[in-house]
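What follows is a single structure, written as C-alpha cells, with notes after it.
Residue numbers (my numbering), protein chains in the order written: chain G, 1142 to 1253; chain F, 434 to 548.
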C-alpha cells in the first residue's frame, strides 16, 4: 500500500536560511507526488506536483522538490525563507483513482 | 473564476446530532472528494464523487455519507455525531477525477466542533 512519511513534525529556520522539508514515500508503482501548504485556518494550496516528466520540479513561491527513486524521497527545498513561509506543509501521494494519501505534516517556523 | 467554496465555515453540534456540509467545486470541475483533518494531523480521505456516484471510499463508517448533484456540487452528511468527529472537513475538486495523479483544488474547509 502506498504511504507517505514526513520526517520532522516541526522545523525552525531563520529568515533567509535554506528550508528543507523531508518526505519519503512508499509505492509499488511510479508515484504521483504533491506538496501542499496550509496557512492557519485555511485550506490546502498546491505548491508543486511530480508526474515523472522531470525529476526536479519547480513550484510556486520559489519552492522546488527533487524526486529520487533510489531513495524513495521527494524533499521540498526553498533557498531563502521568508516570514510569510511559516505554515504547515504536507506531502501527498496520489493513488489509484486520484485519491490523495497525506503525510502527517511539517510545521515550518521562521525566526526573524 | 471562483475556486472551491464550502459552507458553513464553522459549525457546533452536540453528540448524536446530524450535520450536513456543502461544497461547490471549482468552475469546470466534475469530481469532488472529501477529507477529514483532525487537529495536528494530515487530511484523511473520506470518499469521492463522480457522475453523481460514490466512486471511492476511505476507512470511514457508514455514518458518513454523501451526495453529488447534477451541477457537480456535493454534500457530506454525518449522522450520530461523536466527539471524535470534531475536525476540519475539506472538500477538493478535480477534473475527470478517476485519473491517477489529477491535481485537486481544495476549499477553505468547514470546522466542525462536536460537544
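Ideal Cβ positions, reconstructed from N, Cα and C, are used throughout, including at glycine.
Nothing here was measured: the structure is a model prediction, and the numbers come from that model.
Take the alpha-carbon of residue 458 of chain F and the one of residue 474 of chain F: they are about 24 Å apart. Straight through space, the alpha carbons of residue 518 of chain F and residue 1232 of chain G are spaced by roughly 24 Å. The residue among G/1194, G/1147, G/1213, G/1217 with its C-alpha nearest the C-alpha of residue 1205 of chain G is G/1217. Cβ-Cβ separation between residue 1222 of chain G and residue 1160 of chain G: approximately 5 Å, consistent with a contact (criterion under 8 Å). Each residue's CA atom was taken as its position, placing residue 1143 of chain G and residue 492 of chain F some 15 Å apart. The beta carbon of residue 515 of chain F lies closer than 7 Å to those of 448, 547 in the same chain, with the five residues before and after it left out.
Runs of the beta strand (DSSP E) lying entirely within the stretch 440-495 of chain F, each at least 3 residues long, are 443-446, 452-457, 464-470, 477-483, 486-490 in chain order. Less than 9 Å separates the beta-carbon of residue 1175 of chain G from that of residue 1189 of chain G. At the C-beta level, residue 1152 of chain G and residue 1241 of chain G stay beyond 9 Å of one another. Secondary structure remark: continuous beta strand (DSSP E) runs of at least 3 residues inside the stretch 1174-1199 of chain G, in chain order: 1185-1191, 1197-1199. Taking the CA atoms as reference points, residue 450 of chain F sits about 22 Å from residue 478 of chain F.
Within 7 Å of the CB of residue 1241 of chain G, the CB atoms of chain F belong to 478, 537, in sequence order along the chain. Interface residue (Cβ-Cβ distance to chain F less than 9 Å): residue 1166 of chain G is not classified as such.
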